[in-house]
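Quick mapping for you: the protein sequence lines, in order, are chains A and B.
For what it's worth, numbering that gives the first Met the number 0 labels the leading residue of the first sequence as 0, then goes sequentially.
For what it's worth, numbering that gives the first Met the number 0 labels the leading residue of the second sequence as 0, then goes sequentially.
Notes to accompany the following structure.
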Amino acid sequence: MLIIKEQKINAFLEKLKEKFEVFDVREDKLPFKKYFLPAEERIFPVPKTPKKFVVFGLDLADLEALTQLDEIMSKPKQDFYYWQRRKQALVIGIEKDTKKLAQDYGEFFSAEGGSASGGEEVSDWSQQMRQLLLDSELLADAVAWSRDHKIWEELAEKCLGCGICTYVCPLCYCFSLEDRVGLDDKCSRCRKWDACTLPGFSKITGGHDFRPTLKERYYNWFYHKFVRAYKEYGKSQCVGCERCKNQCPAKIDILEVLKVILEDYGKSLSAEKS
Amino acid sequence: MENLYQPKKVKIIKIEEQSPTVKLFRLAPGFSFNPGQFFLLGKVGYGEAPFGALSSPYESDYIEFAVRKTGTVTDYLHSLKEGDEIELRGPLGNGFPLDFIEGKDMVLVTGGSGIPPIASLIEYIIKNREKFGNIYLLYGAKTPEEILLKDRLEEWQKSDIKVLTIAGIVSDLVKEIKIDEQNAVAVMCGPGPMMDALEKILRPLGISDRRIFVSLERRMQCGVGKCQHCTTGDKYVCLDGPVFYYDQIDKNHD
């Protein structure tokens, strides 16, 4: 493990930039996933493998998301285009809380090795969310149970169906394949981010739509993150990064949603027992 | 690294008009598949769409698909001529449970252009006819013109496949079926009215949900369990399906 003092980060980055293209994600609104799964990419004709590059500045939540995304893009088989970029990338994370670093990685270095300022706290929201995420089985059971809960009706009223939550989520990876014919008769196939909350996401030829209402699509977003993902990979596809809450134009707070569902799920369980 | 999105180019050997809107494409061989598995057909620039193979899985000279003209991809496919090439990915998905259905009576229910995977299954059954009991194909369509593969329907009856076609709703056919409901399997493939068939035919016949298999239609786009367009509940139709036990999927919200 390489530890760099905070004051020296910029000098280190300058040095890196001499050799590689460096993407610094610390100020980005969109998460790091765009470097491996771009918002839009041509997949046919197959593009050339990119030069080696550096993605700098992922925090711990992002690093966890990256680990999960790597797994998603490997099972059951490797996704060619994701790995074509991913394998070319050196990813550098940042841990701001040196005390925690010392706890977790004490065997590799001592706390003095970290930054002097250190100790920048993870937000209260993130801490609460990560606490819930520790029991992803409970989240899966509760969200599966909540299908007929009135909260989905309420959220469908509130939600604008814009898809921003999915674009800013480091673990949302829905996509569409879109084909084009150019005026020069050159054809191409592209892969673009899609969002399961957008209309027509599950529409088939002939017009039948399996999730015609926003209520169904919004529930499906939760269902994928907390139920389907749990059954597929044994954990929720959320790392508590807070982006969806911060960027939602309708100010939907998924932590509040989960709290309501968990509370009512708990009530229903104790009602069953008595 | 294998590129799962890379289609193969395959030559069209023969094109046959099946109905005013449906063409049958016979393609060059080179794919082995189970009845019920699907392929993505199309061309870069136009798109891809899922189709169940309809020819016999034992057929080594060609592979066949039926394509209904409904959108960009199928318009393109319909514009092709014999000798042209189609791009194809597959086989994808699981196919029918061939071991499980052995030794059983079968009721196959489909409608309109839902026939292809069932057709392939019937070819499989005919090749292994002694291993199966009574076989009924219930095939409905809105109009007689929409009944596909008419010549094959006649051919199959020679191998003791009882074919009951009806222009209208398939649920009118229940009286003609003689099966041992304790040892019978049902297979459904087709659009919404099939649910009607379930209530009005399969339940009255006494076939339990565990023995009813459905081949689902969804928007299988990537075909490899990534893009999320084809999910139903916690299942991926492209990977876990398209064939499911009915009680695996009947309670899903989507």
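Cβ coordinates follow ideal geometry from the N, Cα and C atoms, glycine included.
Just so it is clear, the structure is predicted and the values come from calculations on it, not from any experiment.
- With a cut-off of 8 Å on Cβ pairs, the region 220 to 235 of chain B is not in contact with the region 111 to 127 of chain B, counting fewer than three such pairs.
- Any Cβ of chain B closer than 8 Å to the Cβ of K224 (chain A) would place that residue at the interface, and such an atom is absent.
- Nearest CB-CB separation between T230 (chain B) and chain A: below the 8 Å threshold.
- Of all alpha-carbon atoms in A:G265, A:S135, A:P75, the one lying nearest the alpha-carbon of L3 (chain B) is that of A:P75.
- By the Cβ-count criterion, N182 (chain B) is exposed, with fewer than 16 other Cβ atoms from all chains shown falling within 10 Å of its own Cβ.
- By the neighbour-count definition (other C-beta atoms within 10 Å, threshold 16), E1 (chain B) is an exposed residue.
- With a cut-off of 8 Å on Cβ pairs, the region 135 to 142 of chain B is in contact with the region 103 to 115 of chain B, counting three or more such pairs.
- Neighbourhood of G51 (chain B) in chain A, by CB distance below 8 Å: empty, with the nearest CB roughly 14 Å away.
- When 8 Å is used as the limit between beta carbons, K225 (chain B) is near these residues of chain A: I71, M72, D78, Y172, F174, in chain order.
- Among the CB atoms of chain B, one or more fall inside 8 Å of the CB of G205 (chain A).
- Here DSSP, grouped into helix, strand and coil, assigns R202 (chain B) to helix.
- For the options B:F50, B:N33, B:E16, the alpha carbon positioned closest to that of R88 (chain B) is the one of B:F50.
- From the listed residues B:G70, B:Q247, B:F99, the smallest Cα separation to G205 (chain A) is found for B:G70.
- One thing to note: Y232 (chain A) has its Cβ no nearer than 8 Å to the Cβ of E63 (chain A).
- Counting C-beta atoms within 10 angstroms of its own C-beta, T109 (chain B) has 16 or more neighbours from the protein chains shown and is therefore classed as buried.
- As the crow flies, the alpha-carbon of K214 (chain A) is around 20 Å from that of K234 (chain B).
- Taking 8 Å as the cut-off, the beta carbon of E39 (chain A) is found no closer than this to the beta carbon of C240 (chain A).
- In the three-state DSSP reduction, G139 (chain B) falls in the strand class (E or B).
- Of the residues assessed, E86 (chain B) falls on the buried side of the cut-off, its CB having 16 or more other CB atoms within 10 angstroms.
- Judged by DSSP secondary structure, V256 (chain A) falls within the alpha helix (DSSP H) whose first and last residues are 253 to 272.
- With fewer than 16 other beta carbons inside 10 angstroms of its own, N127 (chain B) counts as exposed.
- In this structure, L254 (chain A) keeps its C-beta atom at 8 Å or more from the C-beta atom of W151 (chain A).
- According to the DSSP secondary-structure assignment, C189 (chain A) is paired through a beta bridge with A:R41, A:E177.
- Taking the Cα positions, T196 (chain A) is about 32 Å away from I114 (chain B).
- Three or more Cβ pairs closer than 8 Å define a contact, and the region 21 to 31 of chain B meets that threshold against the region 5 to 13 of chain B.
- By the Cβ criterion, the region 19 to 34 of chain A is in contact with the region 168 to 176 of chain A, since at least three pairs of Cβ atoms, one from each stretch, lie closer than 8 Å.
- Counting along the chain, the unbroken alpha helix (DSSP H) around P115 (chain B) starts and ends at 114 to 126.
- Identification of chain B residues near F43 (chain A) by a Cβ-Cβ cut-off of 7 Å yields V43, ordered along the chain.
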